[in-house]
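The structure under discussion appears below in the form of structure tokens.
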Amino acid sequence: MKRRTACVFGSVNTDIHASLPRFPAAGETIAALKLEVSGGGKGANQAFALARLGITTSILARVGRDAFGRDRRAELEAVGLDCGGLEEVAGAVTGTALVETDSSGQNLIVIAAGANALADAAFARRHRDRIAASGILLVQLETPLEGTLEALRLARAAGCLTMLDPAPARELPSEAFELADYITPNETETEILTGIRPEDAASAEAAARILLEKGAGAALIKAGASGAWLLKPKADPLHCPSFQVTVV
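Residue numbers in the sequence shown follow the working numbering, run continuously in steps of one, and reach 362 at the last position.
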């Protein structure tokens with residue numbers, strides 16, 4: 115039986131979120147209503163969720179040799195993640211997202227990739243053993259594409275299942291689809307990759323079939339309140355409805 119462990123290759127960020135009464139004008143200084151600092155990054159978020167679900171998970175990422183990097187490592191280790199592949203890079207800063215939200219809920223976001231931009235193909239190859247030891251590799255697009263593709267190649271060569279979350283949205287080379295056993299775009303990403311926005315069952319199935327034609331093994335389209343659709347070759351689409359949650 116294939117090993118029930120996961121490996122996440124991706125980004126680790128510090129999110130600095132300021133709640134504002136309104137956005138300042140150019141040159142103006144205003145006081146924030148609240149300031150929050152927390153861990154983030156699509157890779158870290160995936161790994162954190164897997165660990166909370168009780169799945170043995172390792173994370174492959176790069177952070178700066180700084181206070182933010184130490185804080186992120188401590189958070190990830192605290193939920194039981196294997197952080198042996200979380201490298202600290204001297205001279206680089208930990209990836210950081212600066213988020214401003216006004217009273218109407220509108221956001222302004224500035225991202226500094228920092229050490230995330232150094233998660234290249236050589237970095238992936240240094241950790242080929244961790245990838246090969248996992249049952250599934252999860253990747254996203256907040257780190258250099260060359261590193262992500264190399265991680266997918268290593269996973270495919272080792273017989274690991276691969277899952278590509280194509281976020282942030284961007285065009286992708288054909289190899290990215292071909293290396294993905296599962297591709298998991300949301301509505302915006304689906305539209306960019308296929309030209310079809312998944313607004314109902316018919317459009318979701320049409321978009322999913324395009325993703326399969328591009329080479330993906332299966333397509334899992336996330337459509338917000340409409341739920342999600344899964345399409346595999348030679349199978350009928352499977353719809354998973356959304357469910358009500360309490361906002362916290």
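Beta carbons are placed, not taken as given, at the ideal position from N, Cα and C, and that holds for glycine.
| query | Using the rule of at least 16 other Cβ atoms within 10 Å of the residue's Cβ for burial, across every protein chain shown, is Glu256 buried or exposed? | reply | buried
| field | Enclosing beta strand (DSSP E) for Arg176 [first to last residue] | value | 170-178
| If you count every other CB in all the chains shown that lies within 10 Å of the CB of Gly168, and 16 or more means buried, which is it? | exposed
| message | Rounded to whole angstroms, what is the Cα-Cα separation between Gln358 and Lys336? | response | 16 Å
| said: Among the candidates Thr171, Glu319, Asn127, whose CA atom is the shortest distance from the CA of His353? | reply: Glu319
| Check whether Ala235 and Glu202 have beta carbons under 8 Å apart | Not in contact: Ala235 and Glu202 (Cβ atoms no closer than 8 Å).
| task | With DSSP collapsed to three states, give me the class of Met115. | result | Caution applies to Met115, whose pLDDT of 37 falls short of 50 and renders its modelled position unreliable; the value that the coordinates give is listed next. Reduced to three states, the DSSP call for Met115 is coil.
| Assuming Leu195 contacts Ala229 under a Cβ cut-off of 8 Å, what Cβ separation, rounded to an integer in Å, is found between them? | Actually they are not in contact, since the Cβ atoms of Leu195 and Ala229 sit about 17 Å apart, beyond 8 Å.
| Would Asp295 pass as a contact of Gly331 if the rule is Cβ separation under 8 Å? | Going by beta carbons, Asp295 and Gly331 fall inside the 8 Å limit.
| task | Please determine if the stretch 205-224 and the stretch 179-196 are in contact, where contact requires at least 3 C-beta pairs separated by less than 8 Å. | result | yes
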